[in-house]
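The structure appears below as C-alpha cells.
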Amino acid sequence: MTRARTAALPTGVTPTLPPPAPPTTAPRTTLSAVLPTGLRVLAAHAPAAPLAELRLVIPYARTEPGLAAAQELLAACLGTGSRDRTRQDIADRAADLGAELSTVVTAESLILSVSVLAAGLPGALDLLAELLLRPRYEEGEVAIAQRRAAAAPRAPAPRVRLRRAALAHGFGPHPLSSESGGTAPLLDVVSLVPDDLQALHARAVVPGGSSLVVLAGEGPDSVLRLVGERLAPWSGGPSGLALPPFARAVPRPGQVELTEPGTSEAGLGDAVGGQSLVLTVGPGVPTADPLHAPFHLAQLVLGGYASARLARQVRDRYGLAYDVSAGLRENGAGSWLEIACAGAPGGAGRIAAEITRCLRDLAEEGPSPAEVDRARAYAAGFTRFALATRAEEASALAGFAAAGLEPDWLDGYRERLAAVTREQVAEAAARHLAPDRAVVATYEPGPAATAPAHAGPDAPTPAAERTPAPTVPHHQKGAHP
Numbered sequence: 012m013t014r015a016r017t018a019a020l021p022t023g024v025t026p027t028l029p030p031p032a033p034p035t036t037a038p039r040t041t042l043s044a045v046l047p048t049g050l051r052v053l054a055a056h057a058p059a060a061p062l063a064e065l066r067l068v069i070p071y072a073r074t075e076p077g078l079a080a081a082q083e084l085l086a087a088c089l090g091t092g093s094r095d096r097t098r099q100d101i102a103d104r105a106a107d108l109g110a111e112l113s114t115v116v117t118a119e120s121l122i123l124s125v126s127v128l129a130a131g132l133p134g135a136l137d138l139l140a141e142l143l144l145r146p147r148y149e150e151g152e153v154a155i156a157q158r159r160a161a162a163a164p165r166a167p168a169p170r171v172r173l174r175r176a177a178l179a180h181g182f183g184p185h186p187l188s189s190e191s192g193g194t195a196p197l198l199d200v201v202s203l204v205p206d207d208l209q210a211l212h213a214r215a216v217v218p219g220g221s222s223l224v225v226l227a228g229e230g231p232d233s234v235l236r237l238v239g240e241r242l243a244p245w246s247g248g249p250s251g252l253a254l255p256p257f258a259r260a261v262p263r264p265g266q267v268e269l270t271e272p273g274t275s276e277a278g279l280g281d282a283v284g285g286q287s288l289v290l291t292v293g294p295g296v297p298t299a300d301p302l303h304a305p306f307h308l309a310q311l312v313l314g315g316y317a318s319a320r321l322a323r324q325v326r327d328r329y330g331l332a333y334d335v336s337a338g339l340r341e342n343g344a345g346s347w348l349e350i351a352c353a354g355a356p357g358g359a360g361r362i363a364a365e366i367t368r369c370l371r372d373l374a375e376e377g378p379s380p381a382e383v384d385r386a387r388a389y390a391a392g393f394t395r396f397a398l399a400t401r402a403e404e405a406s407a408l409a410g411f412a413a414a415g416l417e418p419d420w421l422d423g424y425r426e427r428l429a430a431v432t433r434e435q436v437a438e439a440a441a442r443h444l445a446p447d448r449a450v451v452a453t454y455e456p457g458p459a460a461t462a463p464a465h466a467g468p469d470a471p472t473p474a475a476e477r478t479p480a481p482t483v484p485h486h487q488k489g490a491h492p
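Here the sequence shown is numbered in this note's numbering, starting from 12 and rising by one per residue.
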C-alpha cells in the first residue's frame, strides 16, 4: 500500500480539541443511498463527535499497463490544485475548516480521506467537490512528483517479486502477478504532461463504482442531503479499473524458487537487505462467507499473533526467522491465506520445512481448546482495538462498504466468533491449511544456497516449480504446548 499526502493540511497551529468520546459498541444509526451518478453513500451517526470523517473509495487497480505511470503521478498530485485554488490556497481553506486531507493507494483503490471539525463538514464537502470536479495538475506540481519518482527505487522489492511469482503459479496470469501491477518505468513517468493527468482524472476519478462513507455527528438524513447537493455535478464512470477475479477460485499447489546474484537487496525497498524470504499462498475463506469465523480462528492459531504456532516454532524455538506473519489477503481478485517469513541468507529451505510442519500439525490434529480460547479472545479484543478512534472506525466502514458488507457486520461477527466451537476450527484447519494445498515460494538473495544438512528431506531443492509442496515425515513434527 502506498500513502501519499496530497496537501499539507491544515497549516498553522492545530486547534485544541476535547478528547473524543469512545466509539459506542451499540449498532450505529446508518443510512445508505446510491446517487443517480452511481456513487454509493453511507452516512453513519456519531453523536457528539468533535470531528467528521470522510472516506471516498475509488476503483483504481492497475489493470492496464499503459496507465500505470499516469496513475502513479495522479495519486501523488491529486489535491495539489484546482481551477480556483493553488496548493497554498487549498491548504489555507483546509486550515480554516480544521481539516486534513490525504490519499492512499491500495492494490485496487484510490482512497481520499478527510478529517474535519464537525462544523466544517459542509465546507469540507465543497472542497472535496472542487478537487473532484475542477482539478488542476500544474506543471510545477507534476515536475515535483516526477523528481520524487525519479529518486524512488523503480525495481520491485524481492518480497514483491516473490508474491507475484507465488500468485502467478497459484492463480494464473493476473494484474496482481504481472509487472504492470508495480511501479511504472521511469521513462514513462517523466514523459507525462499535465494534460495526461487531466485525461486520466476524467476517466478514473468518477462516481460510478465509487463509495463514500461519512461518519459525523449530524443525522444521517442531513448528511445524505448534503452529499447529494455538493456532489450531484460529479459524473462519469465506471472506469473499468477494477481487479478481475482470479482464474482459479483456489490456488494450484506447488513450489516456486527465486534466486538472484548479489548479497544485498536493500536498495530495492526491503527493510533489511540480503534476507531469505518464504511466502506461501493457500486457500482462504472470504470475509462474507458464513464459514469465515472458524477459518479466522484457525489462521490466528497458526500465525495471527506474537505467540501463535508459527512464531513459537520458526522464530522462538529454532531462531530461523525474525519476521513471521500469517493472514488473510482479500480484494476483488479473490481470497487467499498468506504466510510470510524473513530470515538470514541460506535459511529459506529450513524455514519452508518448518512452515510445512506447522501447517500439517494443525491440519491433522487441530488446535487445542486453550489455543482456540486464546485466538477467540485475541480476535474479540483486536476488533475493538481496531475501532479505538473515529478515524479507524470510518476506515473500517469504508472497507465494509467497498466489500459489499453491512455497516454492522463487525458487531455480528463478534457474536459469530463466540459461537465457534473447537471442532469447527479443527474442521476449517483440515480443509484449508493442509500444506499440499499451498504454493510454497522461497527467495535467496545470492546464488542458490545448498540446503543445511539438518534441513532434512523437507527442504526445497533447486527447481523453478514443482508439485506438490514439500512434505514433512510424521515423526519430525514439532511439539506444541
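Positions of the beta carbon are idealized from the N, C-alpha and C atoms, including for glycine.
Evaluate residue i with the Cβ neighbour count: other Cβ atoms within 10 Å of its Cβ, from every protein chain shown; 16 or more gives buried, anything less gives exposed.
i, result
"Asp372", "buried"
"Glu513", "The requested residue 513 is not part of the displayed model; the chain covers only 12 to 492."
"Pro262", "buried"
"Tyr71", "buried"
"Leu290", "buried"
"Ala59", "exposed"
"Gly181", "buried"
"Pro218", "buried"
"Gly415", "exposed"
"Arg361", "buried"
"Pro297", "exposed"
"Val436", "buried"
"Gln99", "exposed"
"Ala81", "buried"
"Arg259", "exposed"
"Pro231", "buried"
"Ser4", "What the structure shows of the chain is the stretch from 12 to 492, and residue 4 is not part of that stretch, so it cannot be assessed."
"Gly90", "buried"
"Pro481", "Any reading at Pro481 needs caution, since the residue's pLDDT is 34, under 50, leaving its predicted position unreliable; the model's value is listed next. Result: buried."
"Glu75", "exposed"
"Glu111", "buried"
List the DSSP bridge partners of residue i.
i, result
"Ile69", "Leu121"
"Trp420", "Note: Trp420 sits in no beta bridge, so no partner."
"Glu349", "Val292 and Gly338"
"Gly354", "Ser287 and Ala332"
"Ser126", "Glu64 and Glu111"
Helix, strand or coil for residue i? Go by DSSP, reduced to three states.
i, result
"Glu152", "helix"
"Arg147", "coil"
"Arg94", "coil"
"Leu84", "helix"
"Asp300", "coil"
"Ala460", "With a pLDDT of 41 at Ala460, under the threshold of 50, the predicted position of this residue should be treated as unreliable, though the coordinate-derived value follows. Correct three-state label for Ala460: coil."
"Leu290", "strand"
"Arg165", "coil"
"Leu112", "strand"
"Val234", "helix"
"Gly134", "helix"
"Arg520", "This structure cannot speak to residue 520, because the chain is shown only from 12 to 492."
"Ser189", "coil"
"Ala55", "strand"
"Ser318", "coil"
"Thr367", "helix"
"Glu438", "helix"
"Val201", "helix"
"Val171", "helix"
"Ala215", "helix"
"Glu64", "strand"
"Val224", "strand"
Taking only beta-carbon atoms, is residue i less than 9 Å away from chain C?
i, result
"Ala363", "Absent from the structure: chain C. Only one protein chain is present."
Check the C-beta distance from residue i over to residue j and give it rounded, since I have them as a contact under 8 Å.
i, j, result
"Tyr333", "Arg326", "7 Å"
"Pro418", "Ala102", "Not quite, the Cβ-Cβ distance comes to about 32 Å (not below 8 Å), so this is no contact."
"Leu339", "Ala390", "Not quite, the Cβ-Cβ distance comes to about 12 Å (not below 8 Å), so this is no contact."
"Val216", "Val225", "Actually they are not in contact, since the Cβ atoms of Val216 and Val225 sit about 18 Å apart, beyond 8 Å."
"Arg147", "Arg94", "5 Å"
"Gly345", "Phe257", "4 Å"
"Ser250", "Val68", "Contact doesn't hold; Cβ gap of about 13 Å is too wide."
"Leu235", "Val153", "In fact, because the Cβ distance is near 36 Å, the residues do not count as touching under 8 Å."
"Thr309", "Ala439", "Note on identity: in this sequence residue 309 is Ala, with Thr being the wrong assignment. That belief holds up - the Cβ atoms of Ala309 and Ala439 are roughly 5 Å apart, short of 8 Å."
"Leu211", "Asn342", "Actually they are not in contact, since the Cβ atoms of Leu211 and Asn342 sit about 21 Å apart, beyond 8 Å."
"Trp347", "Val312", "Rounded, the Cβ-Cβ distance is 18 Å, inconsistent with contact."
"Thr194", "Pro169", "That pair is no contact at about 14 Å."
"Val125", "Leu142", "No, Val125 and Leu142 are not in contact; Cβ-Cβ is about 10 Å, not under 8 Å."
### Query
With a cut-off of 8 Å, do at least 3 Cβ pairs link the segment 164 to 176 to the segment 40 to 49?
no
### Query
Are the segment 302 to 318 and the segment 428 to 442 in contact at 8 Å, needing three or more beta carbon pairs?
yes
### Query
Would you call the segment 51 to 63 and the segment 122 to 136 touching, i.e. three or more CB-CB distances under 8 Å?
yes
### Message
For the pair the segment 201 to 208 and the segment 154 to 163, tell me if three or more CB-CB distances fall below 8 Å.
### Response
yes
#### Entry: Stretch pair the segment 374 to 381 + the segment 70 to 90: three plus CB contacts closer than 8 Å
no
### Message
Pairs of beta-carbons, one from the segment 349 to 364 and one from the segment 396 to 411, closer than 8 Å: are there three or more?
### Response
no
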